[in-house]
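A.B. asks: As they're listed, the protein sequences go chains A and B. Residues in the first sequence are numbered consecutively from 1, following our numbering. Residues in the second sequence are numbered consecutively from 1, following our numbering. Below you will find the structure I want to go over with you.
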Amino acid sequence: MGPLIPNGVIPIEWDNIIAILIGIVFGFVLEASGFSSSRKLAGVFYGYDFAVLKVFFTAALVAVIGVYYMDYLGYLDINQLYVHPLYLWGAIIGGVIMGVGFVAGGFCPGTSLCAVAIGKIDAIVYVGGIMVGIFIFSELYPLFQPIYEGYFYGNVTLEDSLGINPYWFVFIFSIIAIVAFVISDMVRKKTKKIFY
Amino acid sequence: MVKKKIAKVLAFRYKILATILVLLAGGLVLLPKYQRHEGIKPEELLSNTISPERYITTDQLAHKIINQDPSFILIDVRDEKSFASYTLPNAINIPLPKLFEEDSDSYLNQNQYDVVLFSNDNFNADQAWILCNRLGYKNMRVLKGGINQWFTTIINPLKPAENMPAADFELYATRKAAGMFFGVVYPDQVKVEAPEKTKEAPKKVITIEKKKKAAAEGGC
């Protein structure tokens, strides 16, 4: 049956409309759960708030368990799902830059737009920085191109590259997540409480 | 009282959620694995199998070929040797063991043409039909009776006895005509033109009278 759009259950023309609706709901939930505050986001790095870690880890976990159950029951064909292509060094360098930007600015790109929507000045500056970065990248594209397009490994998953059983991986991943939650809670209790 | 009980349970809410997650993930590991079948559902296959649309008769096929119907392709599932010795016009040879090789995929798995499978009888063609149909290939047909039936109906139709209905005679005439299209020659259709005897015209003797040299007249 699924995925719905590639199998024609939902016509492909609805693609963008559904994307906009999901985007609105995502933005609303981000803002409602306080993710438009840079202090809350940066809390992960200073040890006083692990909401970001918990939320995104749980989201990934629930999604992966749900997808595999739906695949097992025949509602969803896991082989038809989109797998993001891997450009190894592009991903590593990009990840480092994004991480530094995250600590320094206190936002990730999604939450920064969310914070712009509620009128935070630091977020507006941050988004301006993103635009400058995009401009510099575009201007120097010939310089970055070999890294950007090189080291291409195809649309691989951990299942392909490590050859592990996906079911066992999900199980181990969920245990790692829960251990991480417990440890993060212990760390949070030890650090000084910060009112923000 | 109730609130207190709920509060007591809710104090453990994160632990409960964590155990639910681990249980669900563990369930994935422990679930019995099964081989997922490819292609269409068994019920669909069954309904396709008992559908009369599955077969095409030799008469229909002959009609299509004679009218140069472009909407179908003929596929011979016999081996190469039989294919080389006799086959239907414009047929493509895909022997049954080679049915799922890459080259044959473009003929079988498409949605533009009707695919008519045939073999000597319809037995091998039926096997090919079932295999292709299960994979969800569209517009598959089988020539009912195969080449044997083709031979007994189109190439060498049985002459109806005198006490048979008129429809049979009409069918016989149609089949005969179709057979003639495919190169069969009937004795009654052949007009052997008797060579006309041409009388040899007697040679005319043309006598050419030699002009007598005129005697020189006069003189200088």
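Where is the CB? At the ideal position from N, CA and C, for every residue including glycine.
Taking the runs of the beta strand (DSSP E) that are 3 residues or longer, which of them lie wholly in the stretch 99-144 of chain A?
C.D. replies: DSSP runs (the beta strand (DSSP E)) wholly in the stretch 99-144 of chain A: none.
A.B. asks: Does asparagine 156 (chain B) come out as helix, strand or coil in the three-state DSSP assignment?
C.D. replies: Reduced to three states, the DSSP call for asparagine 156 (chain B) is coil.
A.B. asks: Thinking just about the alpha-carbon of each residue, which of A:Phe26, A:Ile97, A:Leu81 is nearest to the one in valine 156 (chain A)?
C.D. replies: Among A:Phe26, A:Ile97, A:Leu81, the Cα nearest to that of valine 156 (chain A) belongs to A:Leu81.
A.B. asks: Could you pull the start and end residues of the beta strand (DSSP E) that aspartate 114 (chain B) belongs to?
C.D. replies: Unbroken beta strand (DSSP E) run through aspartate 114 (chain B): 114-118.
A.B. asks: Got a sec: which bits of the stretch 162-179 of chain A sit with their beta carbon under 9 Å from any beta carbon on chain B, in order along the chain?
C.D. replies: Listed by position, the residues of the stretch 162-179 of chain A near chain B (Cβ gap below 9 Å) are Asn165, Pro166, Tyr167, Trp168, Val170, Phe171, Ile172, Phe173, Ser174, Ile175, Ala177, Ile178.
A.B. asks: I'd like to check one pair, tyrosine 113 (chain B) with phenylalanine 83 (chain B): are the Cβ atoms closer than 8 Å?
C.D. replies: No; because the gap between Cβ atoms is not below 8 Å, this pair is not in contact.
A.B. asks: Does glycine 106 (chain A) pass the burial test, meaning 16 or more other C-beta atoms within 10 Å, or should it be called exposed?
C.D. replies: Per the 10 Å Cβ criterion, buried.
A.B. asks: Identify which residue in B:Ile155, B:Gly136, B:Asn67, B:Ile94 has its Cα closest to the Cα of lysine 176 (chain B).
C.D. replies: Here the closest residue by C-alpha is B:Ile155.
A.B. asks: Straight-line CA distance for glutamine 7 (chain B) to threonine 19 (chain B)?
C.D. replies: Residue identity check: residue 7 (chain B) is alanine in the sequence provided, not glutamine. Each residue's alpha carbon lies about 19 Å from the other.
A.B. asks: Examine the Cβ distances between the stretch 114-127 of chain A and the stretch 170-179 of chain A and report whether three or more of them are shorter than 8 Å.
C.D. replies: Segments in contact, no.
A.B. asks: Taking the continuous beta strand (DSSP E) assigned at valine 142 (chain B), which residues delimit it?
C.D. replies: Unbroken beta strand (DSSP E) run through valine 142 (chain B): 140-143.
A.B. asks: For isoleucine 183 (chain A), which residues in chain B fall below 8 Å Cβ to Cβ?
C.D. replies: Going along chain B, no residue has its Cβ under 8 Å from isoleucine 183 (chain A), so there is no contact; the nearest lies around 13 Å.
A.B. asks: Per DSSP, which one or two residues make a beta bridge with asparagine 79 (chain A)?
C.D. replies: DSSP output for asparagine 79 (chain A) lists no bridge partner at all.
A.B. asks: Exposed or buried, asparagine 90 (chain B), counting other C-beta atoms within 10 Å across all chains shown (16 or more means buried)?
C.D. replies: Classification for asparagine 90 (chain B): exposed.
A.B. asks: Just to confirm my understanding: we take leucine 88 (chain B), look at its own chain, exclude 5 residues before and 5 after, and list those with CB closer than 6 Å. What are they?
C.D. replies: Cβ neighbours of leucine 88 (chain B) beyond the five flanking positions: Leu74.
A.B. asks: Here's a check: name, in chain order, each residue in its chain whose Cβ is nearer than 8 Å to the Cβ of alanine 91 (chain A), leaving out the five neighbours to either side.
C.D. replies: So no residue of the chain qualifies.
A.B. asks: Check the Cβ of leucine 24 (chain B) against every Cβ in chain A and list those closer than 7 Å, keeping chain order.
C.D. replies: By Cβ distance, chain A contributes Ile65.
A.B. asks: Using a threshold of 8 Å, state whether the C-beta atoms of lysine 193 (chain A) and tyrosine 48 (chain A) are closer than that.
C.D. replies: Closer than 8 Å, so yes.
A.B. asks: Decide if the stretch 85-101 of chain A is in contact with the stretch 45-59 of chain B; the criterion is three or more beta carbon pairs, one per stretch, under 8 Å apart.
C.D. replies: Too few Cβ pairs lie closer than 8 Å, so no.
A.B. asks: Counting only runs that start and end within the stretch 149-205 of chain B, where is the alpha helix (DSSP H) found for 4 or more residues in a row?
C.D. replies: With a minimum length of 4 residues, the continuous alpha helix (DSSP H) runs that stay inside the stretch 149-205 of chain B are 166-181.
A.B. asks: Short of 7 Å Cβ to Cβ, which residues in the stretch 28-51 of chain B face chain A?
C.D. replies: Against chain A - using a Cβ distance shorter than 7 Å - the residues of the stretch 28-51 of chain B are Leu28, Val29, Leu31.
A.B. asks: Give the residues of chain B in contact with leucine 21 (chain A), contact being defined as C-beta atoms less than 9 Å apart.
C.D. replies: In chain order: nothing, as chain B lies at least about 28 Å away.
A.B. asks: Between serine 206 (chain A) and the rest of its own chain, which residues show a CB-CB distance below 8 Å, the 5 nearest in sequence each way excluded?
C.D. replies: Nothing about residue 206 (chain A) can be read from this structure; chain A reaches only from 1 to 196.
A.B. asks: Name, please, each residue of chain A whose Cβ falls closer than 8 Å to the Cβ of alanine 18 (chain B).
C.D. replies: The contacting residues are Ile178, Phe181.
A.B. asks: Under 8 Å between the Cβ atoms of leucine 30 (chain B) and tyrosine 69 (chain A)?
C.D. replies: Not in contact: leucine 30 (chain B) and tyrosine 69 (chain A) (Cβ atoms no closer than 8 Å).
A.B. asks: How many whole angstroms separate the CB atoms of phenylalanine 50 (chain A) and arginine 188 (chain A), which I take to be in contact at a CB cut-off of 8 Å?
C.D. replies: About 6 Å; that satisfies the 8 Å criterion.
A.B. asks: Aspartate 49 (chain A) by DSSP, collapsed to three states: which one?
C.D. replies: In the structure shown, aspartate 49 (chain A) sits in coil (DSSP, three-state: anything other than H, G, I, E or B).
A.B. asks: Taking 8 Å as the cut-off, decide whether the C-beta atoms of glycine 136 (chain B) and isoleucine 40 (chain B) are in contact.
C.D. replies: Result yes, Cβ atoms of glycine 136 (chain B) and isoleucine 40 (chain B) sit closer than 8 Å.
A.B. asks: Which residue wins for smallest C-alpha separation from leucine 171 (chain B), given the options B:Val205, B:Ala62, B:Gly146?
C.D. replies: Residue B:Ala62 is the option with its Cα nearest to leucine 171 (chain B).
A.B. asks: Provide the residue(s) that pair with leucine 74 (chain B) in DSSP beta bridges, ordered along the chain.
C.D. replies: Answer is B:Val116, bridged to leucine 74 (chain B).
A.B. asks: With a threshold of 8 Å between beta carbons, is leucine 135 (chain B) in contact with chain A?
C.D. replies: Output row for leucine 135 (chain B): interface = no.
A.B. asks: Helix, strand or coil for tyrosine 151 (chain A), going by three-state DSSP, please let me know.
C.D. replies: DSSP places tyrosine 151 (chain A) in coil when its eight states are reduced to three.
A.B. asks: Count the other CB atoms, across all protein chains shown, that sit within 10 Å of the CB of leucine 41 (chain A); report buried if there are 16 or more and exposed otherwise.
C.D. replies: Buried is the call here.
A.B. asks: In three-state terms, what does DSSP make of isoleucine 40 (chain B)?
C.D. replies: Isoleucine 40 (chain B): coil per DSSP, three-state reduction.
A.B. asks: In three-state DSSP terms, what is tyrosine 87 (chain A)?
C.D. replies: The answer is strand: DSSP assigns tyrosine 87 (chain A) an E or B state.
A.B. asks: Report the option in A:Tyr148, A:Phe169, A:Phe152, A:Tyr151 whose CA atom is closest to the CA atom of leucine 158 (chain A).
C.D. replies: If we check each option's Cα against that of leucine 158 (chain A), A:Phe169 comes out closest.
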